[in-house]
Amino acid sequence: MDEVKLPPHSFILHIDLDCFYSQVEQLRLKSSYDEPFAVHQWGSILAVNYEARRHGVKRMMTLNQARKLCPNLSTVHTATIALGSTEPEYHKTPSKATHKVSLQSYRIASEKIHAVLRRVAGPDSVYQRAGTDEAFIDVTTRVRKEILSGVGAEYEKTTKTSDCPGPCEIWVLPNNAEDLFGWRIAARICSEMRTAVKTELGYNCSAGVSFSKIVSKLLSAEFKPNKQATLTPLSVEEFMRHKPIQKISGFGGLFGEKVTQLLNIKWCGDLWEIPRRDLLRKFDLPTIEYILSASRGVDAEEAVRDRPQSKSILAAKIFPASHDVMSWVHVLVAELDDRVSEFVRRNSNVEAFASESATEQNLKMSYPKSITLVLKWIEVEQETEECYEKADNHPKTLTRTFPFQVPPKSMLSSDAAFAGESRVKLLQNVLSNVELLMGEDTANHRFTSISICILNFVECSLSREEYTKNALPDLHGSKKRKTAEGSTTLDNFLSGKKPTKPFKTETDAAGRVWIDLT
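Going by my numbering, the residue at position 58 of the sequence shown is 73; the numbering climbs one at a time, nothing skipped.
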């Protein structure tokens, strides 16, 4: 019996929901995906489905502009929370002065979608949330197990059929049947995941299947809507050759703009033609290696990994100048309580810890250390239009950072006795610091915005005894969670990890760009 040769590369999927906000609202309203549809907030287009895009409707357009292009456009305002309430609703005539936009319905839909995708991917896959509506999945281990078990043996080494719209060539590759089986298996897994999301929840999504995160993400973006594409390493050079450099993940901002401007190029293939000595006149060596690798679809960053997505959770509201800021504090705290509790629950072992047959003796979780509160205000001497206009030109900002002090049990316990306790404790935590920040003499102060940011998540644990006593975790010496936006050292970069973004760059005397990796 011939020895099975396993494919040496990874099998990476990228799954991306099509027009996610629009789909959520269209499913709620039971409207057809074939009708032009857009979601807006305060008269500005926030999300557009593909049918509306065909009429020229784009994000950030005003409603009037969109309706001129597409008279039969159906629209809906995002859910909002009214001042004095804590629950989002779809109000008929929300006002920017008295309502706050709520994205809760999209977050709830996102949790359901990710739960289905993760379940179908299976325990042998590595699942990484890449955003509200997208994920990377490394199915390499699962594919290799299926190859070894004989799954896919029914596939022929070559095929005479193809979905390719143009002329095709049939390549006979007798020595890499396992590789071909691998791609078929990976594509099948991806299709199963997309089908599950559609049949169970009703959402369409697009996907890319390849050997790297860069290529799979490019594929899912190019083959939309509701499509799936697979690209093997043999075909990647031709695929990347005609891709704009700024379409590569990590090159869409200032760094990508600087690369294209300094080298006077647009396409990845153009970069390959530039002699290395010319590149060294513009960039340092690690940066060159990173750019060249990315342009060929090779990931320089760490592999797909299951990790908490957020490094901070923010709620904010801008409002007309007002002496009353406390009413908005209640609204923002209610939103943050739901979001932080869900985040900590999702990134903990609470189900195994709290089950009747629990074997876990410690609750492990990602827990926030800090809250940053920012108030913006103007000083008004008299209640006149002239005084307000004058004050608007000299806004002031107050900022305060303080410890997050909500016990994990308050957030995670299913005991009815703890219902609402986390919200009360978070409100107490925030209100006391708002009062300290405002001070006593606020008669002439008119507040214009407030933001509350919960941040500095760390990996920590709590013993069963501490959890029972509703204690706070001891965060001294806790390991700060690394994120894609966290700092990266030069040593890490040289060992194959991608520099973080946003990039801090400097230009030396020779005119070369250096990326600060510290």
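Every residue gets a Cβ at the ideal spot worked out from N, C-alpha and C, and that includes glycine.
This one's a predicted model, so the numbers in the text were calculated from it and none came from an experiment.
- Where residue 418 is concerned, the enclosing beta strand (DSSP E) starts and stops at 411 to 418.
- Between the C-alpha atoms of residue 460 and residue 343 there is a straight-line separation of about 16 Å.
- Put simply, the backbone Cα of residue 55 is about 22 Å away from that of residue 149.
- Membership of residue 327 in the beta strand (DSSP E) is indicated by the continuous run 327 to 337.
- Separation of residue 36 and residue 89 (C-alpha to C-alpha, rounded to the nearest whole angstrom) is 14 Å.
- For the 8 Å CB-CB criterion, residue 469 and residue 356 do not form a contact.
- Assigned with DSSP and collapsed to three states, residue 142 falls in strand.
- Inter-residue distance for residue 147 and residue 244 is about 22 Å (C-alpha atoms, whole angstroms).
- Residue 107 and residue 238 have their C-alpha atoms spaced approximately 37 Å apart.
- DSSP places residue 287 in the helix class (H, G or I) of the three-state scheme.
- Rounded to whole angstroms, the separation of the alpha carbons of residue 392 and residue 60 is 29 Å.
- Bounds of the beta strand (DSSP E) holding residue 60 are 59 to 63.
- Classified as buried, residue 212 has 16 or more neighbouring CB atoms from the shown chains inside 10 Å of its CB.
- When the Cα atoms are used, residue 337 and residue 415 turn out to be separated by approximately 20 Å.
- Counting C-beta pairs closer than 8 Å gives three or more between the segment 126 to 144 and the segment 316 to 335, which meets the contact rule.
- In this model, residue 346 and residue 114 are separated by some 10 Å (Cα to Cα).
- Taken atom to atom, the span from the alpha-carbon of residue 278 to that of residue 308 is near 16 Å.
- Here residue 363 is buried, its C-beta having at least 16 other C-beta atoms within 10 Å.
- Taking the Cα of residue 71 as reference, the smallest distance to any Cα among 85, 424 and 58 is reached at 85.
- Setting aside the 5 residues that flank it on each side, residue 218 is surrounded in the same chain by 32, 38, 128 and 212, each with a C-beta closer than 7 Å to its C-beta; the list follows chain order.
- Classified as exposed, residue 272 has fewer than 16 neighbouring CB atoms from the shown chains inside 10 Å of its CB.
- About 26 Å separates the beta carbon of residue 351 from that of residue 216, a gap too long to meet the 8 Å contact definition.
- Relative to the Cα of residue 23, the nearest Cα in the group 233, 52 and 248 belongs to 248.
- Going by C-alpha positions, residue 67 is about 6 Å away from residue 52.
- For residue 313, there is no enclosing beta strand (DSSP E), as DSSP marks it with neither H nor E.
- DSSP places residue 220 in the strand class (E or B) of the three-state scheme.
- By the neighbour-count definition (other C-beta atoms within 10 Å, threshold 16), residue 484 is an exposed residue.
- By the criterion of a C-beta distance shorter than 8 Å, residue 386 is surrounded in its chain by 416, 417, 418, 419, 444, 445, 448, 467, 468, 469 and 470, once the five residues flanking it on both sides are discounted.
- In the structure shown, residue 383 falls within a strand segment according to DSSP collapsed to helix, strand and coil.
- Here the alpha carbons of residue 301 and residue 290 stand approximately 16 Å from one another.
- The beta carbon of residue 425 sits closer than 7 Å to the beta carbons of 433, 436, 437, 440 and 485 from its chain, once the five residues preceding and following it are set aside; these are given in chain order.
- Annotation: the continuous alpha helix (DSSP H) that includes residue 358 extends over 341 to 361.
- Rounded to the nearest angstrom, the gap between the Cα atoms of residue 311 and residue 156 is 24 Å.
- The residue from 122, 317, 257 and 472 with its alpha-carbon nearest to that of residue 384 is 472.
- Between residue 318 and residue 305, the gap from beta carbon to beta carbon reaches 8 Å or more.
- Here residue 153 is buried: its Cβ has 16 or more other Cβ atoms, across all protein chains shown, within 10 Å.
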